[in-house]
Amino acid sequence: MIDYSYTIFIPLIPFVVFLITGLFGMKWKPEISGWLGSVGLGISFILSLITGYFYFFTNVTDHFETIIPYNKVWLSFTDKLHIDMGILLDPISVLMLVVVTTISFMVHIYSLGYMKGEKGFQRFYAFLSLFTFSMLGVVLATNIFQIYIFWELVGVSSFLLIGFYYQKPSAVAAAKKAFIVTRFADLGFLIGILLLSFYTRTFDFSILTNPNTSVFSSMTGAGFLGMSAITWAMLLIFMGAAGKSAMFPLHIWLPDAMEGPTPVSALIHAATMVVAGVYLVARLFPIYYFQTPDVLLFIGYVGGFTSLFAALIAMTQFDIKRVLAYSTLSQIGYMMVGLGVSGYGGEAGLGYTASMFHLFTHAMFKGLLFLGAGAIIHAVHTNDMEKMGGLRKYMPYTHITFLIAALAISGVPSFAGFFSKDGILTAAYHTNKILFYTEYITAGITSFYIFRLYFKIFWNKNTQYEHKPHEAPMTMTIPLVLLAVVSTFGGFIPFSDFITPDHIPFAEHMHWGVAVPSIIIGLLGIVIAWILYRKDNKIPARIVSALGEVYTVTYRKFYIDEIYLFVTKKILFNGVARPIAWFDRNVIDGFMVGVGTVTLKASKAIKGFQSGDIQEYAFVYIAGTILFVLTLLYYLG
Amino acid sequence: MSGFHDILLMKHELLLVISALVIIIADLFYSGNNKSGIINFSLILFFIITVISFVPTGTGNLFGGSFQGSSLTDFMKDILNVAVLIIFLQSESYLKKPENVEKVGEFFAIILMTIVGMDFMISAGDFLTFFIGLETASIPVAGLAAYDRYKSKSAEAGVKLILLSALSSGVLLFGLSMIYGATGSIYFVDIASKITTSPLIVIGFIFFVSGMAFKLSLVPFHLWTADVYEGAPVNVTSFLSVVSKGAAAFIFTIILFTVFKNIVHVWEDVLYALAVLTMTIGNLFALRQDNIKRFLAFSSIAQVGYILLGIMGTGALGMTSMVYFILIYVFTNLAAFGVAAAIYNASGIENISGYKNLYSTNPKLSLLMMLAMFSLAGIPPVAGFFGKFFLFTSAGNKGYFILVLIAVINATISLYYYLMVVKSMFIDKTDTPIVTFKSSVPMRISLVICAIGILSVGFFSGIFEYIMSLSSIIF
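Printed below as a string of structure tokens:
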């Protein structure tokens, strides 16, 4: 048995770096903060890799133990109900540990080049460290309340990073939007936690996620509005997960969050924070599966709908980061589908395994796509793909790595995305045909929009640029190449040997019956994109005008933002807030002003007592004494 | 019975008497130009005895029960010592002024003598010791109030204080003699066992209460407060409102809890009325004040009204919440008085309307004043909130919900005038704010101590529990 107590340093190092950079960063040269952050995270990264190696490869038993190297009572309510702070290592937390530190480390190095010379460079690195710390706290949590605490910290650091360019009004608005939407979702999460802990009297995962536990027996009886308490609790907890993972209809914040610096988009809004919701569902998977299968199915449908919905929008967008943002929504939808169709034990757990696999591969190729997009934006100073074209000649490294990531997300065989997506599709095929066809179609759309993006940026017309674009510096290309390597070969990892719902490995088989059609539809998407966008031509414009309203509705993102605005502005503001404000201003304030006036009048009226005349003082003194004596004697009879 | 160990029970009193005498004698050796050297000498001496007094000595009584010492009384005396130390630090620059330098020795000696009186009161085991302590603590204070003897306001304050103080002492002594007449004893223990609600005892009790109410400036026995506080030098005012009142609250509570514990139902009614009057009238007067000293005088009247709520809780909780509140009250009020004194020393301004825009020129002082005002108003998380919270809890535990409601309404009213000070310093604009100045080193030390006190006493729950453990032994 290996002593894992060193894992405490993995989250602790970024935290210490955050404190140091936050407190003293402004006194140093900016580069020092950057290097300090990168070196610190490098150590965390190496420690995580070591942990991953020992955990997965030195295991001699037939299943993976859950190891808790640390668990301290932090806040004790009763003997049974207490909030702990600790570290929990099991297959999914170790996986996430590797993913988070890898991407975070890449982003740290990448930002040395990308953010160079920006005002607030130190602040950027301080926030980056804070985010990494918070995210690791979520990943390593031993109980649901610890997750909640770090969950909120993640939200705060995401808010700070989206609003990094705080002088830009759109960035501030996006930061607020992200914070409010996720915070609203977290309200549901908190109520869910309270419900769950109220009935089960514990926060602890080791009790909650034990399939044989009996703590839920009291929850099935209690009900509200026709659903049992446990259903409500798990549904509300999923609401929190949906907020962070931007599932429909709480997805509106993610596209706007692209206002943040691009490395942040890669780290937070592609690879780590947005999959926190998936991680939460995976963490609580035994509860969902054994206690509330209906909610699990619901999660699958939400994921399926979001993936199709977001993929459709992604086809029509022109801002390259927004295309990637909608693509992220779509891919997280895949992961949710994987969990939704999964069973427990043996090969039935394929959905769960594939979902985690896809989380891993997606983090790599989507991180790569975003970092590549960052390199492009860095070179041409715009997000608009209409103003790009022919960049393959200027940026060879970016071009090749971007192509690899695009092949990976399209599910072209031998690239990473193929294997994980295939796992999800297979699991869906065996349990839920509706979800299978949804995801099958989405796979085709995915490869179309990603190659539309690719061709428009790197081929298409030969745009004349004001400044000749040049390849990004070494600090930026190295992470691209490293991530490209993982995106190419990561798919060959036999995930079912490591990550399964019950921690017992099973042998996964290739289902060619599902794989071949999905390869075909993926290639079809690529071919259509090739025809339409390889060279500048009139066909796309003609298609757009032929589609008419359908295109407009999709381009306007199905008017979801407008619906939200209508609900908040027209209904909440006019219907609820205005009357309350009127009541506050006229009735409450009026009453308070009245009280104040009376008080001041009374104060004026008694002023005469304080005359300065000592005889009068003595008189009042004696009179007061006598009055007390008389009153008291009267009362005592 | 006597021996060195027993004498140690009186360590506070003995050390204070000795140092007062040492200061008077040392005063003779400082003359002419280095007259102000006595200030540093006294400061250091007093600092040393304050530290020595912290050494625990245990519980016991002396002189056949006339003097009683316990860890709780030691703690009370330590609070007074620390408060006086802060006041000494704050007085340094005032005393260095040329017109005062001749009479510096008196200032220290008188204050030390006054605390000796207070300490004896706190440890009194019979009414004779109590009364002698009371007079020792009262008469010299009149001298202090008239310390600026060439200023007519200061002289007026001294005269008013001595006359009304004599009146109240007379009434109080009259009351004590009635109680002696009815019970045949001056010892607390004996009286406690014989006390009844016969008219004689009730009259005696009320007379006693009115005497103490004078010290605590409870309404309607408070009228002297504003005039005296305004006339006396700032540091004397802070001594009167913090140390004098704190000591009076300690001894008043002790006597109510021991001597009159069998007629709780009588004194709780009296305190009920006094508390309502004191809080309300104190607040209503404070609303209109512009002079910072008068303002703090009335605010401290209202604060004592809240203390009565804690006393009405009775038992260990009542005692603890009272002592805890006074500890906070010391730091908070001395912070406010300290800032007022620093401003007065630098600019001569004593009016809240003169503090306009102070934040732009003296941000640190403004922030500390703000902290003190927040603490007085009871805004969490500063200490004042916790102090009030426990006082109200104590009364609430006894079922005085209406009284707590009245207190909360009063606290809300007080928020208005406390925040007016903050508004004046931070929001109101003026072209001629008080210019930036630097206070003396001792003043700054004292303000730092106060700031630490305000911020930390509320946060360390251990302090409350420590006082609770001391009180639980006795009550």
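Chains as they are written, first to last, in this note's numbering: chain A, -9 to 627; chain B, 151 to 625.
For glycine and all other residues, C-beta sits at the position ideal for the given N, C-alpha and C.
Computed from a prediction, not measured in an experiment: that's the story for all the values here.
Annotation: residue 61 of chain A is outside any alpha helix (DSSP H); the continuous beta strand (DSSP E) that includes it extends over 57 to 66. Of all residues in the stretch 413 to 443 of chain B, the ones placed with a Cβ closer than 8 Å to any Cβ belonging to chain A are 416, 419, 420, 423, 431, 434, 435, 437, 438, in chain order. For residue 70 of chain A and residue 181 of chain A, the gap between their C-alpha atoms comes out near 20 Å. Residue 148 of chain A and residue 316 of chain A have their C-alpha atoms spaced approximately 18 Å apart. Residue contact check for residue 614 of chain A against chain B: a CB pair falls below 9 Å. Minimum Cα-Cα distance from residue 550 of chain B among the listed residues B:528, B:173, B:601, B:459 corresponds to B:459. Contact between the stretch 395 to 406 of chain A and the stretch 446 to 462 of chain A is not established, with fewer than three Cβ pairs separated by less than 8 Å.
Collapsing the DSSP output to three states places residue 584 of chain B in coil.
In terms of Cβ geometry, residue 308 of chain B and residue 382 of chain B form a close pair [threshold 9 Å]. Collapsing the DSSP output to three states places residue 455 of chain A in coil. Here residue 530 of chain A has 522 as same chain residues with Cβ atoms under 6 Å from its own Cβ, once five neighbours each way along the sequence are excluded. Burial is judged here by how many other beta carbons sit within 10 angstroms of a residue's own beta carbon; residue 569 of chain A has fewer than 16 and is exposed. Taking residue 251 of chain B as the centre and dropping the five residues before and after it, the same chain places the C-beta of 185, 186 closer than 6 Å to its C-beta, in chain order. Annotation: the continuous beta strand (DSSP E) that includes residue 76 of chain A extends over 72 to 79. Within chain A, the C-beta atoms nearer than 7 Å to that of residue 317 of chain B come from 608, 611, in chain order.
For secondary structure counted as the alpha helix (DSSP H) over 4 or more consecutive residues, the stretch 267 to 299 of chain A holds these complete runs in sequence order: 275 to 280. Residue 550 of chain B has a beta carbon lying at 9 Å or more from every beta carbon in chain A. Around the Cβ of residue 567 of chain B, a 10 Å sphere holds 16 or more other Cβ atoms; the residue is buried.
Residues of the stretch 331 to 361 of chain B whose Cβ lies closer than 7 Å to any Cβ of chain A, in chain order: 347, 349, 352, 353, 356, 357, 360.
Here DSSP, grouped into helix, strand and coil, assigns residue 131 of chain A to coil. At a cut-off of 9 Å between C-beta atoms, residue 531 of chain B does not count as an interface residue with respect to chain A. Residue 1 of chain A has its alpha-carbon roughly 13 Å from the corresponding atom of residue 41 of chain A. The residue among A:475, A:340, A:327, A:231 with its C-alpha nearest the C-alpha of residue 398 of chain A is A:475.
If you draw a 10 Å sphere on the C-beta of residue 415 of chain B, you find fewer than 16 other C-beta atoms in it, and that means exposed.
Judged by DSSP secondary structure, residue 49 of chain A falls outside any alpha helix (DSSP H); it is assigned neither H nor E. Within the same chain, 289, 293 come within 6 Å of residue 326 of chain A by CB-CB distance, once the 5 residues on both sides are set aside.
Assignment of beta-bridge partners to residue 395 of chain A by DSSP yields no partner. By the CB criterion at 9 Å, residue 469 of chain A and residue 361 of chain A fall inside the cutoff. Listed along the chain, the chain B residues whose CB falls inside 8 Å of the CB of residue 306 of chain A amount to none; the nearest CB is some 52 Å away. For residue 278 of chain B, there are no neighbours in chain A by C-beta distance under 8 Å, as the nearest C-beta there is about 22 Å away. In the structure shown, residue 212 of chain B adopts extended strand secondary structure according to DSSP, grouped into three states. Rounded to whole angstroms, the separation of the alpha carbons of residue 354 of chain B and residue 424 of chain B is 17 Å. Of the other Cβ atoms in all chains shown, fewer than 16 fall within 10 Å of the Cβ of residue 575 of chain A; this residue is therefore exposed.
In this structure, the alpha-carbon of residue 562 of chain A lies about 22 Å from that of residue 179 of chain A. In this structure the stretch 247 to 261 of chain B does not lie against the stretch 505 to 514 of chain B, because fewer than three pairs of beta carbons, one per stretch, are closer than 8 Å. In the three-state DSSP reduction, residue 549 of chain B falls in the coil class, being neither helix nor strand.
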